[in-house]
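Structure, as structure tokens:
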């Protein structure tokens, strides 16, 4: 089948935006890939078909089998998290030092690409495959353990300043809001020195929080990435179960099984999750010609972030309000259809888990090209983190290539991967929503009825993600 004229035009437009080197994730995009209309429509149709077929025709016994199925793969010893956490802290310290002492070029300095692309994008997706890694790689557990050993005091074990979980979630919302604003709105989030200071401040605030309120409480309720990565990790198809002998059994299971039977969250925690999802959505939407035209900015002559600080801040808030309204409204309407109007808050606290894989898939697809380019930048920069002429890993003299974007075959592969990722995430989310609904409502019919509004919202969100890949953006 020959490529359509639109497809060739999309490829040509994609290539025309390729510069000499790609910018970091935290700065303005430099690559534009447009998803052909045919792929967009096919992806949306597949999502709709999968949604309604799974909701309407999946037998209850099959649903139970899917939820309970486990294929044991073996067991692994439980490792002391303070060791890996200490190593992660040393690595982060090196990156911060490179931000302060190395080149001010965001591409040549390893800190921006490691934070915005490798950690925030790649590490997030990796945990959806491997399971939770953040408990072992966060930069606080190790230092706190060492402080406790050196001081002889139970630093961070108990709560010198006890707080309610709801206050903890409010702190998490505040911290993630500042992170999102810095990433998407701040004038120079990829400036190495500026980013190094921000990372250092964030680390110190959360170390003090863990010491005052107790690390278990702080990491469960107040440190936003511990909460977020914990949810992402439980999407993994590798289910973990503690067994005797200080070991953990690993089994293959349906993706998201770790969240299906998880207790519901309070409304404030639901809002935190919706905040994380809406941030990713606005990151893509804020770069579209549609948004820029709406705020009276010529996308072909983008004047810089200083001009869009106010509109960007309002847009970020608006996306959160819109997504929260749509989700909570869909759940409330679904409960009304199922005859359980009074239980919508409890249902919202459990069904929120089914939104996570769709958001993850959107993030993976939206930043796929960024990862392919910035991943190369990170490998080059990490060999000479302080711009001293080092070549630690033999990659300092390499050059970033975008040749895979210069051919029809290369761009086609990226388009196919993006569509497949988004569609797969939607299917996982729909199955999770159905399995959770069967546990909330008394009858399969009520469960299906309750899912109709949420399914429409999910499909709309998937179509929105595909539209973002199909529309022109800076």
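Numbering (mature numbering (1 follows the signal peptide of the UniProt record, and there is no 0)), first residue to last: -24 to -1, 1 to 450.
For glycine and all other residues, C-beta sits at the position ideal for the given N, C-alpha and C.
Buried or exposed (CB count within 10 angstroms, at least 16 for buried), residue i
i           : result
residue 446 : buried
residue 268 : buried
residue 416 : buried
residue 327 : buried
residue 366 : exposed
residue 454 : Here the chain comprises residues numbered -24 to 450, so residue 454 is not present and cannot be evaluated.
residue 459 : With the chain running from -24 to 450 in the structure shown, residue 459 is simply not present.
residue 385 : exposed
residue 235 : buried
residue 67  : exposed
residue -3  : Because the pLDDT of residue -3 is 38, which lies under 50, any placement of that residue in the model is unreliable, and the question is left without a value.
residue 317 : exposed
residue 37  : exposed
residue 422 : buried
residue 233 : buried
residue 31  : buried
Cα-Cα separation, residue i to residue j
i           : j           : result
residue 333 : residue 76  : 36 Å
residue 100 : residue 420 : 34 Å
residue 369 : residue 188 : 40 Å
residue 271 : residue 263 : 12 Å
residue 150 : residue 33  : 42 Å
residue 434 : residue 208 : 18 Å
residue 380 : residue 348 : 9 Å
residue 185 : residue 191 : 8 Å
residue 282 : residue 388 : 36 Å
residue 4   : residue 276 : Model confidence at residue 4 stands at a pLDDT of 44, short of 50, so the residue's coordinates are unreliable and nothing is read from them.
residue 320 : residue 414 : 15 Å
residue 59  : residue 224 : 18 Å
residue 284 : residue 290 : 10 Å
residue 274 : residue 155 : 27 Å
residue 121 : residue 218 : 23 Å
residue 175 : residue 355 : 21 Å
residue 293 : residue 50  : 46 Å
residue 44  : residue 148 : 33 Å
Beta-carbon proximity list for residue i, same chain, < 6 Å, skipping 5 on both sides
i           : result
residue 353 : 83, 89 and 376
residue 360 : 366 and 372
residue 240 : 322, 325 and 326
residue 109 : 103
residue 351 : none
residue 444 : 260
residue 183 : 116
residue 118 : 58, 61, 62 and 65
residue 337 : 397, 398 and 401
residue 136 : 188
residue 23  : 399, 402, 435 and 438
Option nearest residue i by Cα separation, candidates the options
i           : options             : result
residue 163 : 286, 439 and 441    : 286
residue 29  : 441, 428 and 93     : 428
residue 297 : 278, 341 and 246    : 246
residue 220 : 54, 43 and 33       : 54
residue 260 : 22, 449, 23 and 19  : 449
residue 172 : 252, 236 and 70     : 70
residue 57  : 302, 113 and 23     : 113
residue 396 : 181, 118 and 342    : 342
residue 111 : 49, 194, 176 and 43 : 194
residue 339 : 258, 311 and 313    : 258
Cβ shell of residue i (< 8 Å), same chain only, five flanking positions each side left out
i           : result
residue 169 : 75, 76 and 80
residue 26  : 399, 402, 403 and 406
residue 106 : 209, 212 and 214
Three-state class that DSSP yields for residue i in the structure shown
i           : result
residue 141 : helix
residue 52  : strand
residue 164 : coil
residue 229 : strand
residue 263 : coil
residue 218 : strand
residue 241 : coil
residue 317 : helix
residue 327 : helix
residue 47  : strand
residue -3  : Interpretation of residue -3 is limited by its pLDDT of 38, a score under 50 that renders its predicted location unreliable; the figure taken from the coordinates is listed afterwards. Here residue -3 sits in coil by DSSP.
residue 196 : helix
residue 89  : helix
residue 383 : coil
Neighbourhood of residue i by C-beta distance below 7 Å, restricted to the same chain and skipping five residues each side
i           : result
residue 238 : 329
residue 145 : 197, 244, 245 and 248
residue 252 : 152 and 204
residue 335 : 253 and 256
residue 85  : 74, 75, 78, 79, 168 and 357
residue 424 : 31 and 32
Proximity test, residue i beta-carbon vs the ligand ZN heavy atom, cut-off 6 Å
i           : result
residue 290 : Ligands in the displayed structure: none, and consequently the ligand ZN is not present.
C-beta neighbour in chain B for residue i, strict 7 Å
i           : result
residue 262 : Checking the listed chains, one finds no chain B in this structure; it contains a single protein chain.
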